[in-house]
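Notes to accompany the following structure.
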Amino acid sequence: MKKILVLIVTLIMFMNTSAATMNCVIITDPTGKDPNGAAAGSMSFAPNMFSVTFLESKENHFAVLSGGEGNTTPRLKAIVETLRRLESGSTIPEAASAASSFPGIRIMTGSPTGGAAVGGSFDVYVVEVSNDGVITVTPRSGGLAVLPPGTKGAIIHLRNTHGNPQYGTATRVRRETAIMIGKMIRDGYPATEIMSEVFGKVSIEAGEKYGGGAVNLVSSVSTGDMFTPQKVNETGFPMNQEYRKVCPEDGWGIGFPSADNYMTCPIDGTPLKTVYAYEALGDAITVTPESVLVSVYGTDESGVVQTTTEIVKASVKKDGYNVNEIAKDINRGIDNGLLVGVNYVEPKDINVKESSRAVGVYFDPLPDGRTSPPWNLPISSNIIDIVGNMQTAIGFVLVLLVLFRSTLITSFLK
Numbered sequence: 100m101k102k103i104l105v106l107i108v109t110l111i112m113f114m115n116t117s118a119a120t121m122n123c124v125i126i127t128d129p130t131g132k133d134p135n136g137a138a139a140g141s142m143s144f145a146p147n148m149f150s151v152t153f154l155e156s157k158e159n160h161f162a163v164l165s166g167g168e169g170n171t172t173p174r175l176k177a178i179v180e181t182l183r184r185l186e187s188g189s190t191i192p193e194a195a196s197a198a199s200s201f202p203g204i205r206i207m208t209g210s211p212t213g214g215a216a217v218g219g220s221f222d223v224y225v226v227e228v229s230n231d232g233v234i235t236v237t238p239r240s241g242g243l244a245v246l247p248p249g250t251k252g253a254i255i256h257l258r259n260t261h262g263n264p265q266y267g268t269a270t271r272v273r274r275e276t277a278i279m280i281g282k283m284i285r286d287g288y289p290a291t292e293i294m295s296e297v298f299g300k301v302s303i304e305a306g307e308k309y310g311g312g313a314v315n316l317v318s319s320v321s322t323g324d325m326f327t328p329q330k331v332n333e334t335g336f337p338m339n340q341e342y343r344k345v346c347p348e349d350g351w352g353i354g355f356p357s358a359d360n361y362m363t364c365p366i367d368g369t370p371l372k373t374v375y376a377y378e379a380l381g382d383a384i385t386v387t388p389e390s391v392l393v394s395v396y397g398t399d400e401s402g403v404v405q406t407t408t409e410i411v412k413a414s415v416k417k418d419g420y421n422v423n424e425i426a427k428d429i430n431r432g433i434d435n436g437l438l439v440g441v442n443y444v445e446p447k448d449i450n451v452k453e454s455s456r457a458v459g460v461y462f463d464p465l466p467d468g469r470t471s472p473p474w475n476l477p478i479s480s481n482i483i484d485i486v487g488n489m490q491t492a493i494g495f496v497l498v499l500l501v502l503f504r505s506t507l508i509t510s511f512l513k
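According to the working numbering, the sequence shown is numbered sequentially starting from 100.
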């Protein structure tokens with residue numbers, strides 16, 4: 100957590116003030132037993148929606164979401180105080196109430212068994228769903244709003260960012276989204292899937308559409324930097340846009356813009372399905388028996404992490420946690436130009452933990468700005484150089500023959 104706070108301070112030194120305008124915590128299983136029973140997420144029309152828009156504790160299974168109209172420094176202080184309270188054993192409402200000491204700031208926090216709360220400056224709906232299916236949706240503004248521990252429900256905050264072309268839609272969309280959340284909880288959907296629908300509805304209908312991201316509070320799986328901007332003072336990925344194409348049969352997939360070049364799966368020819376960013380968010384934080392957590396190391400080349408993740412998931416679905424097959428599939432992706440700037444991998448570069456459904460891939464970046472590794476030819480490269488030099492000499496002679504053909508023909512006839 101200390102490292103994360105240092106990162107926040109560093110980012111603030113270089114970026115303009117920004118804040119999440121959509122914060123949401125959803126709890127569908129307050130016992131904490133369902134691996135997808137609690138989720139939290141943030142997004143906004145504003146720039147700089149980095150991963151620090153939600154802080155998660157994998158050990159204590161809580162998340163802290165920040166926002167508001169106040170300045171950056173007070174927001175940072177509110178985050179630090181909230182984290183201090185949570186780490187020292189305060190309840191979720193006690194931690195969220197820290198925001199009230201900082202004008203214009205909003206802090207939302209929650210955990211699977213501790214409930215959820217929002218403090219400070221906010222416009223939210225608190226959703227509660229009883230065991231017999233009764234849905235209660237309550238509007239709250241400012242101060243402290245609480246979803247009590249042991250209660251199925253959610254808290255959703257939504258305002259419009261100044262400059263958003265859809266400014267003025269937040270009040271309606273906030274209420275409709277809260278009702279949608281209540282109905283989905285009543286109908287038995289997990290929190291992670293509901294969060295995906297929330298991101299879809301808000302991004303489309305209210306325009307607060309840039310990631311941001313979300314976290315599974317029970318299983319401690321997050322979207323990480325899938326949708327956050329690569330540079331400061333830029334907006335993240337639009338959550339209502341196409342994100343990738345996937346094969347519904349074997350799971351192979353590829354992200355945009357490379358996906359524009361594919362209509363069918365290169366493995367089995369099946370027509371590819373287009374997945375929008377908010378749907379990809381749900382896939383990323385929802386844990387299933389087929390889920391694979393992929394970690395990529397050794398490179399920061401654009402698109403490598405996302406494409407490697409898709410290749411590994413497809414390989415595991417097809418051949419299981421076989422390091423040889425995973426390495427072959429990755430190398431095939433390099434040969435096909437799907438992965439650039441990295442060298443071929445060997446089975447020893449693949450770290451598999453089948454018990455936790457995790458795969459780590461270690462790449463060696465290519466030197467001198469190369470995009471693809473050298474060919475592994477069956478003959479020495481020196482021979483290729485000699486043949487190349489011979490071809491150059493022959494070509495030079497042919498050029499001379501063409502240039503002086505009249506003189507040469509006359510001399511030959513004589």
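Idealized CB from N, CA, C, for every residue including glycine.
Item                                                                                                                                                                     : Value
Decide if residue 233 is buried, meaning its Cβ has at least 16 other Cβ atoms within 10 Å, or exposed.                                                                  : exposed
Would you call the segment 183–196 in contact with the segment 223–239, where contact means no fewer than 3 C-beta pairs closer than 8 Å?                                : no
Less than 8 Å between the beta carbons of residue 147 and residue 393, yes or no?                                                                                        : no
From residue 411 to residue 138, what does the alpha carbon distance come to, in whole angstroms?                                                                        : 25 Å
Look at the Cβ atom of residue 95, then the Cβ atom of residue 361, and state whether they are nearer than 8 Å.                                                          : Past the edges of the chain, shown from 100 to 513, lies residue 95, and the structure says nothing about it.
Quick test of the definition: if touching needs 3 or more C-beta pairs under 8 Å, does the segment 212–222 touch the segment 252–264?                                    : yes
If residue 159 and residue 175 are in contact, beta carbons under 8 Å, what's the gap, nearest whole angstrom?                                                           : The pair is not a contact, with the Cβ atoms about 21 Å apart (cut-off 8 Å).
Between the alpha carbons of residue 461 and residue 272, how many angstroms are there, rounded?                                                                         : 44 Å
The alpha helix (DSSP H) with residue 371 in it runs from where to where?                                                                                                : Segment: none, residue 371 is in no alpha helix (DSSP H) and carries neither H nor E.
Can you name the residues that DSSP bridges to residue 205?                                                                                                              : 166, 219
For the beta strand (DSSP E) holding residue 137, just list the boundary residues, first then last.                                                                      : 137–143
Alpha carbon to alpha carbon, what distance is there between residue 221 and residue 414?                                                                                : 45 Å
Take residue 374 as the anchor and find which of 395, 277, 350, 324 has the nearest alpha-carbon.                                                                        : 350
On the criterion of 16 or more Cβ atoms from any shown chain inside 10 Å, does residue 125 qualify as buried, or is it exposed?                                          : buried
In chain order, what residues of the same chain have a beta carbon less than 8 Å from the beta carbon of residue 372, not counting five sequence neighbours either side? : 344, 345, 346, 347
Alpha carbons only, please: which of 311, 337, 156 is nearest the one belonging to residue 166?                                                                          : 311
Buried or exposed, going by whether 16 or more other CB atoms sit within 10 Å of the CB of residue 119?                                                                  : buried
Name the two residues that bound the continuous beta strand (DSSP E) containing residue 314.                                                                             : 309–315
Quick check on the DSSP output: the beta strand (DSSP E) that includes residue 257 runs from which residue to which?                                                     : 251–257
Got a sec? Which residues, its chain only, sit under 7 Å from residue 358 by beta carbon, not counting five neighbours each side?                                        : 343, 344
State the DSSP-derived secondary structure class of residue 377, mapped to helix, strand or coil.                                                                        : helix
For a minimum of 3 consecutive residues, which ranges assigned as the beta strand (DSSP E) are wholly contained in the segment 276–347?                                  : 309–315, 341–345
What is the DSSP secondary structure of residue 513, reduced to helix, strand or coil?                                                                                   : coil
Report the option in 168, 172, 163 whose CA atom is closest to the CA atom of residue 190.                                                                               : 163
Can you give the Cα-Cα distance for residue 386 and residue 318, rounded to whole angstroms?                                                                             : 8 Å
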